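These protein sequences, in sequence, are chains A and B. By our numbering, the letter at position 455 of the first sequence is numbered 1009, and the numbering carries on one by one without gaps. By our numbering, the letter at position 198 of the second sequence is numbered 752, and the numbering carries on one by one without gaps. Glycine included, C-beta positions come from ideal geometry on N, C-alpha and C. Note that this is a predicted model, so its numbers are computed, not measured. Take a look at the structure below.
Protein chains: 2
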Amino acid sequence: MGYGDLDQLAINTIRTLAVDATFKANSGHPGAPMGMAPIAHVLFNKFMTFNPKNPNWVNRDRFVLSNGHGCMLQYAVLHLFGYRISMDDLKDFRHVDSITPGHPESHDTDGIEVTTGPLGQGFANAVGLAIAQAHTGAVFNKPGYDLINNYTYCFFGDGCAMEGIASEAASTAGHLQLGNLIMIYDDNHISIDGDTKCAFTEDVLKRFEAYGWHTQWVKEGDTDLEGMEAAIKKAQEVKDKPSVIKLTTTIGFGSKLQGTGGVHGNPLKEDDCKQVKKKFGFNPEESFVVPKEVYDAYHKHAAEGAAAEEEWNQLFSKYKEEHKDLGAELQRRLDGKLPEGWEKKLPVYKPTDGAQASRKLSEKVLEEIHEAVPELLSGSADLTGSNNTRWKNAIDFQPPSLGIGEWSGRYLRYGVREHGMAGIMNGISAYGTLIPAGGTFLNFVSYAAGSVRLSALSHARVIYIATHDSIGLGEDGPTHQPIETLAHFRALPNMMVWRPADGNETSAAYYMAITSKQTPSILALTRQNLPQLENSTIEKAIKGGYVAVEAEKANITLVSTGSEVSLCVEAAKYLKDKHDVTARVVSIPCFEVFDAQPKEYRLQCLPDGIPSMSVEVMSTLGWERYSHEQFGLNRFGASGAYKDVYKKFDFVPEGIARRAMATIDFYKDAK
Amino acid sequence: MGYGDLDQLAINTIRTLAVDATFKANSGHPGAPMGMAPIAHVLFNKFMTFNPKNPNWVNRDRFVLSNGHGCMLQYAVLHLFGYRISMDDLKDFRHVDSITPGHPESHDTDGIEVTTGPLGQGFANAVGLAIAQAHTGAVFNKPGYDLINNYTYCFFGDGCAMEGIASEAASTAGHLQLGNLIMIYDDNHISIDGDTKCAFTEDVLKRFEAYGWHTQWVKEGDTDLEGMEAAIKKAQEVKDKPSVIKLTTTIGFGSKLQGTGGVHGNPLKEDDCKQVKKKFGFNPEESFVVPKEVYDAYHKHAAEGAAAEEEWNQLFSKYKEEHKDLGAELQRRLDGKLPEGWEKKLPVYKPTDGAQASRKLSEKVLEEIHEAVPELLSGSADLTGSNNTRWKNAIDFQPPSLGIGEWSGRYLRYGVREHGMAGIMNGISAYGTLIPAGGTFLNFVSYAAGSVRLSALSHARVIYIATHDSIGLGEDGPTHQPIETLAHFRALPNMMVWRPADGNETSAAYYMAITSKQTPSILALTRQNLPQLENSTIEKAIKGGYVAVEAEKANITLVSTGSEVSLCVEAAKYLKDKHDVTARVVSIPCFEVFDAQPKEYRLQCLPDGIPSMSVEVMSTLGWERYSHEQFGLNRFGASGAYKDVYKKFDFVPEGIARRAMATIDFYKDAK
């Protein structure tokens, strides 16, 4: 308590930096930074512990700006505290190749915990960060060693409050009673269409109460610094609920257009910039000004954070002596290393092993590796029994008071909330001590597309366990049968889409998913049984593609994925028997990984001079890259027993063989 | 009121039909139909007016089963009332090519208003149906002619209640004060993971209150028919709010496993089937039994509905005399016809017309056609000023009490709710009197992917106005720049993805979007200005692809879309000037439509024997179909001024020319 001129000066420094940077960029959102500068000042200085010199310190308090378009607020604050964001970086706001892009990107910029901007995502990420904290604390904290006890703070605006993903995450957080999660709702009544009364008249706090949150309202969000501090303090004291503080602010505070949509997404006009500076006691002719006393005050708090980290480091050293195994375990995770030899636990299959659905093969992997990889946190969006995401002796991650799990549990019941799950997993991954894996039907990964994209963009090691991966799911029918989904995610940069054909390929997919620290994965898995292939090995499959059936003087190459590979093997036999035609079969479980192999290897798999045909029971889009002809399904599926559905669309050995013969015939002159 | 044995018999008939059909299919969800049979019986018989012989009567009450997995409830009820669903159809439940697929599909089955199953979708569709009713009523109802006053009823379960799309739609419905919307929440405490207490402990009714809904709770949902009737009656009386009735039911009522997850998604075991029938007074050895008195009672209600339609038809006849223009207008819409000559309003451009962003060209189309096409209902997910979706004199669709619009308004403020918007648009389209168009950034159409897919599957004429369609949006950066989006939706069956290159192509896209009654469209539009092409015409562009620059003895064909077409034209000039190389340029604004042209035409555009290169600033996935080489962006974009971003990735005439030369060189021996 006890705020004075220096506080006001600091707040206005943040505001004018946001004004200057957006003006210089001739682009950006000054309104939110100007409105939220007071709460940022209070939160960061009075409550948050962090060390700008080591932005990766595990027990730092986390901050998420879910209204990421207001990122000049975040860049300005990080700069003031001495993070690796220089004044030149602020001047480069929204310029190509700067570390201060139009929306904050965690991969490029120190102090940015998660990539935000697409609305609602940061909100869900914050829930994930809080989950990771609760879990990691429960696993590692010991009497006298409260090693992991940081708070997660999140700012969000009306836009986030309207997004479904935030509703899903908020309901989840309330259920999970995440006491260390504190959110500030910027109630500024303005969105891009103007006054929120045109579309958003609900009672937000009442809604959060319904979710089980602790709620408060600070009505004078532009000025009442004491009120903000008291509210955050109170929120900290509530240990069995997440907290939301509604803060009524004036967007673009200080601008001539304050409180209007005019300051939301456009820089201030030049005269308004000057007017603001004058009003705040700054020289209207100068730009990008930080008074020395503001730097001093912020650097002082940063130094306190550095000291706190140092103290933590000493505590952790002692811990490592007293709790050798746990200490080594936490150290390993902080070093970003995987457990030695974990991959030896991956199941290996012989061709004589029984046919199994790849969702079951995936379950087997989880069963075998979950002890060896204790950072793996599995879960499902209410499809546990269908996704096979839960190992037998798993304990649910739940607030102990519910009597159905523990904070240290490693299985998360996400509810029917695919988008929320994905956003939460991005947050869990960002925390740094866990590898989240979450299940749903492949078709409903599309519900989560907004977050899946951010998994890729922010280099998050998130594993999507996507079962029921085709018309092979059968009776549920076209509403549940993916057609476009693999093309969608194959087109997404930095995303591995795996569609394994058998047990060894499934193990390979997990090997790559877990060892690729900067890349998320989607594992597309069948509901129906698949035989074990003759020639598959983990070593071959991790190349993303390999020859499943080789043959000399082949007439055609059949190239395929997942459940259709074994169909192609059957088709090859049929072609030999009925037509004396020789077919090779190539399995490409992951385009992204196969494309990264040396050209020589790829040509070995798909040699020139042999006509080729792709076989996959969904959209053929993208298959032209690997084949001359494509056999797929460029229409919606059908509801029925899976064999009937496959037959309806001619995905049977005879149907493949017929098309193979036509392909051979068509290309016979081209040889 | 006054329920007796016949009511109970009817309810148990529905239950046993659901038991028999799922048992015979060896697949499906008996639990919800068994639990919700009582409310379905009360709702359909006591409140709903409809004519099974004319399922398209415009003023019928609408029913949506958002928990679509419970569709045996719906099929059984529709069968009992005499809709075109025979007993054999019920026996064919979940069989290939039946009209009773695993989840209800509106396109195939009479009486199914919207395609549901993907959770939350039906909820949003119901909101859309209610919006369409409110709007259509406001436009056409006159004193003495309450032509359009139907209710929209919707059942939803815990799964829907957890989905973000339903939260978005519920908040929207509360804001819009949709008095004719009545929802029944099946509070059965069971989802696939078991008891909902593992993930879903919020107070649902309180949440709906926060949205502005009228809420009620009927605690004995298995038995209290009077209570259900009273609650629906009360909900009907609340005219200024949508209503939700929480109905506590026992999932799988009657089964030995009632109230457990065991009856949710699996047929009952044989002995349980028999036990249920015995309990309900049916012969345990018989299946698919409907007592005659149940048929009689249901057919009687159907006949009352037919009479109500007849009465309505007479009223409408009188209306057409008294209100000639309006009557003719409504008749035209009911006939599924577009206004005569509307297409003449589409703007036509000359090459000398100024450069404009295609989002502005789209605005111009809306400005020009909105009077001619009064069924067009535009809107945006809080990006009105950016999407340019609002014509100048538009009136907002709002409850009049807010003072910012009218029920008859044709502009919808969807809020920051992309998924909700899309689901609502599907519902608006399903009502039958309107063509919904809704805007967001192309990148955020992905948030709505679940609903977009259902636009396509259910043949809904919905128009997605998707601006800011590439890295060309500039400063907002990678979080907002689509890379994978076009590939995603190009892979979706029955979806037209248009990326127009100039004014005439934009008009062509709208022409196709509006005239394709069974196919939704995504219009990908630029933020940046585009010049008018020399050779574009609406007639050419509606073929989905055409030659933008023809040349004899060409060395290469550059094939492109949208903003890159004019870049290719520049590159062609550059190639001629600097390298004396001749390039043709082909524009393919819509793959789906181009692929449907005769082969001869396609070969005319993309002739054999000339190397070709595609140019599009996003994922190249799928472009192999039209080109030998691909110049695209298989990585995320960058934040900066749009020209800087294009330059960074070499999307400039020189960069295109360089790659064109390499392509010509590579293929020179193949000629």
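Next item on the list: Taking 8 Å as the cut-off, decide whether the C-beta atoms of L634 of chain A and Y968 of chain A are in contact.
Entry: Here residue 634 of chain A is taken as the residue at index 80 of the first sequence, counted from 1. Here residue 968 of chain A is taken as the residue at index 414 of the first sequence, counted from 1. Not closer than 8 Å, so no.
Notebook entry, point to check: Does A1192 of chain A get closer than 8 Å to chain B when you measure Cβ to Cβ?
Noted result: Indexing the first sequence from 1 puts residue 1192 of chain A at position 638. Yes, A1192 of chain A counts as interfacial toward chain B.
Margin query: Quick test of your reading: G636 of chain A and A862 of chain A, contact by CB under 8 Å. State the CB separation rounded to the nearest angstrom.
Written below: Within the first sequence, residue 636 of chain A is the residue found at index 82, counting from 1. Within the first sequence, residue 862 of chain A is the residue found at index 308, counting from 1. At roughly 15 Å, the Cβ-Cβ gap does not stay under 8 Å, so G636 of chain A and A862 of chain A are not in contact.
Checklist line | Any 3 or more C-beta pairs closer than 8 Å across the segment 1033–1053 of chain A and the segment 953–963 of chain A | finding: no
Checklist line | L1112 of chain B vs M1066 of chain B beta-carbon contact at 8 Å | finding: Here the question's residue 1112 of chain B lines up with position 558 in the second sequence. Here the question's residue 1066 of chain B lines up with position 512 in the second sequence. Going by C-beta atoms, L1112 of chain B is not nearer than 8 Å to M1066 of chain B.
Checklist line | chain A contact for K760 of chain B (CB, 8 Å cutoff) | finding: For this step, residue 760 of chain B is matched to residue 206 along the second sequence. So, interface residue.
Notebook entry, point to check: Pick from A:M1050, A:I1019, A:E756, A:L1011: whose alpha carbon is nearest that of Q1035 of chain B?
Noted result: Taking the second sequence and counting its residues from 1, one reaches residue 1035 of chain B at position 481. Here the closest residue by C-alpha is A:L1011.
Check: By Cβ distance below 6 Å, which residues in the same chain neighbour I1025 of chain B in space, the five residues on each side in sequence not counted?
Finding: One-based indexing of the second sequence puts residue 1025 of chain B at position 471. Answer for I1025 of chain B: Q1035, V1171, G1191, V1199, listed in chain order.
Note to self: From the DSSP secondary-structure annotation, give me the bridge partner or partners of R967 of chain A.
What the structure shows: By one-based count along the first sequence, residue 967 of chain A stands at place 413. Per DSSP, A:S934.
Next item on the list: Below 8 Å on the Cβ atoms is my guess for D825 of chain B versus L811 of chain B; work out the distance and round it to an integer in Å.
Entry: Along the second sequence, one-based indexing puts residue 825 of chain B at 271. Along the second sequence, one-based indexing puts residue 811 of chain B at 257. Wrong, their Cβ atoms sit about 11 Å apart, outside the cutoff.
Note to self: Output needed in chain order: residues of the segment 741–752 of chain A with a Cβ under 9 Å from some Cβ in chain B.
What the structure shows: Against chain B - using a Cβ distance shorter than 9 Å - the residues of the segment 741–752 of chain A are S745, I746, D747, G748, D749, T750, K751, C752.
Next item on the list: Can you say whether P990 of chain A is buried or exposed, counting buried as having 16 or more other CB atoms within 10 angstroms of its CB?
Entry: Residue numbering aside, residue 990 of chain A sits at position 436 when the first sequence is read from its first letter. So P990 of chain A counts as buried.
Checklist line | Helix, strand or coil at D879 of chain A [DSSP, three-state] | finding: Here residue 879 of chain A refers to the residue found at position 325 of the first sequence. In the structure shown, D879 of chain A sits in a helix (DSSP, three-state: H, G or I).
Next item on the list: Output the distance between the C-alpha atoms of E839 of chain A and K828 of chain A, rounded to the nearest integer angstrom.
Entry: Walking along the first sequence from the start, residue 839 of chain A turns up at place 285. Walking along the first sequence from the start, residue 828 of chain A turns up at place 274. E839 of chain A and K828 of chain A: Cα-Cα distance of roughly 7 Å.
Notebook entry, point to check: Quick one: any contact between the segment 921–936 of chain A and the segment 1074–1082 of chain A, if contact means 3 or more CB pairs under 8 Å?
Noted result: no
Item checked: Where the alpha helix (DSSP H) through R1044 of chain A begins and ends -> As a working note, residue 1044 of chain A is residue 490 in the first sequence. Counting along the chain, the alpha helix (DSSP H) containing R1044 of chain A begins and ends at 1039–1044.
Next item on the list: Taking I982 of chain A as the reference, give the member of A:H657, A:Q675, A:S721, A:G671 with the closest Cα.
Entry: Reading the first sequence from its first residue, position 428 is the one you call residue 982 of chain A. Comparing Cα-Cα distances from I982 of chain A to each of A:H657, A:Q675, A:S721, A:G671, the minimum goes to A:Q675.
Check: Enumerated in chain order, which unbroken segments of the beta strand (DSSP E) with a length of 3 residues or greater are wholly contained in the segment 587–657 of chain B?
Finding: 616–619
Check: In chain order, what residues of the segment 1014–1039 of chain A put their CB closer than 7 Å to some CB of chain B?
Finding: Going along the segment 1014–1039 of chain A in chain order, one finds E1029, D1030, G1031, P1032, T1033, H1034, I1037, E1038 with a Cβ nearer than 7 Å to chain B.
Notebook entry, point to check: Residues in the segment 1188–1214 of chain B with C-beta within 7 Å of chain A's C-beta atoms, listed in sequence order?
Noted result: N1188, R1189, F1190, A1192, S1193, G1194, D1198, V1199, K1202
Check: So is R1007 of chain B in contact with chain A if we call contact Cβ pairs under 8 Å?
Finding: As a position in the second sequence, residue 1007 of chain B is number 453, starting the count at 1. Taking 8 Å as the threshold, the shortest C-beta distance from R1007 of chain B to chain A falls below it.
Next item on the list: Could you work out which residue in B:L1027, B:G1028, B:G992 is closest to V1016 of chain B when comparing CA atoms only?
Entry: As a position in the second sequence, residue 1016 of chain B is number 462, starting the count at 1. Among B:L1027, B:G1028, B:G992, the Cα nearest to that of V1016 of chain B is on B:G992.
Checklist line | Beta carbon proximity, P928 of chain B to chain A, threshold 8 Å | finding: By 1-based counting over the second sequence, the position of residue 928 of chain B is 374. No, because no Cβ of chain A sits closer than 8 Å to the Cβ of P928 of chain B.
Note to self: I'd like to know whether the C-beta of G728 of chain A is nearer than 8 Å to at least one C-beta of chain B.
What the structure shows: The count along the first sequence starts at 1 and reaches residue 728 of chain A at position 174. It does: the Cβ of G728 of chain A has a partner Cβ on chain B nearer than 8 Å.
Checklist line | T769 of chain A at chain B interface by Cβ criterion, 8 Å | finding: The count along the first sequence starts at 1 and reaches residue 769 of chain A at position 215. Closer than 8 Å: no.
Item checked: Helix, strand or coil at Q1184 of chain B [DSSP, three-state] -> Residue 1184 of chain B sits at position 630 when you count from the first residue of the second sequence. DSSP places Q1184 of chain B in the strand class (E or B) of the three-state scheme.
Checklist line | Beta bridge counterpart(s) of L1084 of chain A as assigned by DSSP | finding: Taking the first sequence and counting its residues from 1, the one referred to as residue 1084 of chain A is at position 530. Answer is A:Q910.
Notebook entry, point to check: How would you write the range of the beta strand (DSSP E) that R1138 of chain A sits in, first residue to last?
Noted result: Residue numbering aside, residue 1138 of chain A sits at position 584 when the first sequence is read from its first letter. R1138 of chain A -> beta strand (DSSP E) spans 1137–1141.
Checklist line | Residue of B:V1135, B:R616, B:P606 minimising C-alpha distance to G986 of chain B | finding: Within the second sequence, residue 986 of chain B is the residue found at index 432, counting from 1. Per the Cα distances, B:R616.
Checklist line | Beta-carbon contacts of K639 of chain B that lie in its chain and below 8 Å, excluding the five residues immediately before and after | finding: In the second sequence, the residue the question calls residue 639 of chain B occupies position 85. Just to set this straight, residue 639 of chain B is Ile in the shown sequence, not Lys. Answer for I639 of chain B: Y629, L632, H633, I653, T654, T663, D664, G665, listed in chain order.
Check: Between the segment 652–682 of chain A and chain B, which residues of the former have CB atoms less than 9 Å from a CB of the latter, in chain order?
Finding: S652, T654, P655, G656, H657, P658, E659, T669, T670, G671, P672, L673, G674, Q675
Check: Any contact of the segment 872–890 of chain B with the segment 680–697 of chain B, i.e. 3+ C-beta pairs under 8 Å?
Finding: yes
Next item on the list: Quick one: list the residues of chain A neighbouring S797 of chain B, beta-carbon separation under 9 Å, in chain order.
Entry: Within the second sequence, numbered from 1, the residue matching residue 797 of chain B stands at position 243. Within 9 Å Cβ-Cβ: nothing; S797 of chain B doesn't reach chain A, min ~16 Å.
Next item on the list: Under 7 Å between beta-carbons, which chain A residues line up against G939 of chain B? List them in chain order, please.
Entry: Taking the first residue of the second sequence as 1, we reach residue 939 of chain B at position 385. Neighbours of G939 of chain B on chain A, chain order: I746.
Next item on the list: Could you spell out where the alpha helix (DSSP H) holding C708 of chain B opens and where it closes?
Entry: For the purposes of this step, residue 708 of chain B is identified with residue 154 of the second sequence, where counting begins at 1. DSSP places C708 of chain B in no alpha helix (DSSP H) but in the uninterrupted beta strand (DSSP E) bounded by 706–710.
Next item on the list: Ignoring anything shorter than 4 residues or poking outside the segment 1092–1162 of chain B, list the alpha helix (DSSP H) runs there in chain order.
Entry: 1092–1095, 1117–1133, 1145–1149, 1153–1159
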